[in-house]
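Asks: Under the working numbering, the letters of the sequence shown match residues 14 to 247, in that order. Quick reminder that beta carbons are idealized off the backbone N, C-alpha and C, glycines included.
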Amino acid sequence: MLELLISHDIFIDKTLINIDPAEILKLLGEQGGMIDAHTSTLVEQYTIECLRISLPQGAFVLAEALESASAEEISIPGIVFDSGKIIHKMLRHSSYYALFVVTAGLQPESLARKLLNEGNYLEGYIVDLVASALVDLAADQMEEHVRELAGKQGMHITNRYSPGYCSWGVEEQQKLFSLFPEGACGVSLSASSLMNPVKSISGIIGIGAGVSYRDYTCELCSMKDCHFRRVRDQ
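#1: Is the segment 72 to 91 close to the segment 49 to 61, with three or more CB pairs under 8 angstroms?
#2: Does the segment 65 to 78 come close enough to the segment 194 to 203 that 3 or more CB-CB pairs lie under 8 angstroms?
#3: Thinking C-beta only, is Leu75 closer than 8 angstroms to Val56?
#4: Might you give, ordered along the chain, the residues of its own chain that have their beta carbon closer than 8 angstroms to the beta carbon of Glu86, omitting 5 neighbours on each side?
#5: Please state if the CB of Ser206 and the CB of Phe113 are separated by a distance shorter than 8 angstroms.
#6: Reducing DSSP to helix, strand and coil, say where Tyr174 ends up.
#7: Go ahead and pull the three-state DSSP assignment for Met208.
#8: Note the first and the last residue of the continuous beta strand (DSSP E) segment covering Thr116.
#9: Give every residue of the same chain whose Cβ lies closer than 8 angstroms to the Cβ of Asn172, excluding the five residues on either side of it in the sequence, and list them in chain order.
#10: Just the C-alpha distance for Tyr174 and Phe24, rounded to the nearest angstrom, thanks.
#11: At the level of alpha carbons, what is the spacing between Leu135 and Arg105?
#12: With DSSP as the reference, label Leu17 as helix, strand or coil.
#13: Is Ser123 a contact residue of the ligand NAD, with contact defined as CB to any heavy atom under 7 angstroms?
#14: What is the DSSP secondary structure of Gly97, counted as helix, strand or coil?
#15: Where does Gln70 fall in DSSP's three states?
#16: Looking at the strands, I want to know which residues DSSP matches up with Gly219.
#17: What did DSSP end up calling Ile23 once you bin it into helix, strand or coil?
#18: Looking only at its own chain, which residues have a Cβ that is under 8 angstroms from the Cβ of Ile19, when we skip the five neighbours before and after it?
#19: Which first and last residues belong to the beta strand (DSSP E) in which Ile87 is found?
#20: If you check the beta carbons only, do Ala111 and His169 fall under 8 angstroms apart?
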């Protein structure tokens, strides 16, 4: 039996986070060997350092999926999210939702800020990219935990979707965070709904017998300038 509206803390195992330096080099704009040996060394160095100093954390809350009054909403008891049509469509067969928060911690972004303030712009940008990859891989671990939990109930999961993407307004994070204890995972929201630490992800995963997982979902999103879209499209 699933326990609903209870915050589940997830242990994020850093030893399972494998950041590929080649992917970071692609984000830096590698074109036929244009990235030099110095840059490649910096990427490897700061990939190791970001993993060393990071303190990734994750948590999720399970909620019953209710029938929505609109094709642009998703509903749980007490809250209606203005998700937009795309996310409503991708989650419409869910029986439950896992609403989550994952962070890489303050340490990587503090390092990036320090490097930038010192005028080490390439190094700071590399750390920023590595930290983004790190939190995304930490979210993969959280997602896998939800998948295992769903599988024990004979159900499947959808992809994860976050406020700020697919026409789901970033201000909707205020509703999502209301489901968690204050300061869950050490993450807070500003008045403008930005997360602190910045290298954090929040969102939703559908759970149900009739849902499915897609290997690639960038075609659903209107963010044409996304760094990760560029890497995957190369």
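Replies: Let me lay it out:
#1: no
#2: yes
#3: no
#4: Val93, Phe94, Asp95, Ser96, His101
#5: no
#6: strand
#7: strand
#8: 109 to 116
#9: Met103, Ile218, Tyr226, Arg227, Thr230
#10: 21 angstroms
#11: 43 angstroms
#12: coil
#13: Among the components of this structure there are no ligands whatsoever, and the ligand NAD is therefore not found.
#14: coil
#15: strand
#16: Tyr110
#17: strand
#18: Val74, Leu75
#19: 87 to 89
#20: no
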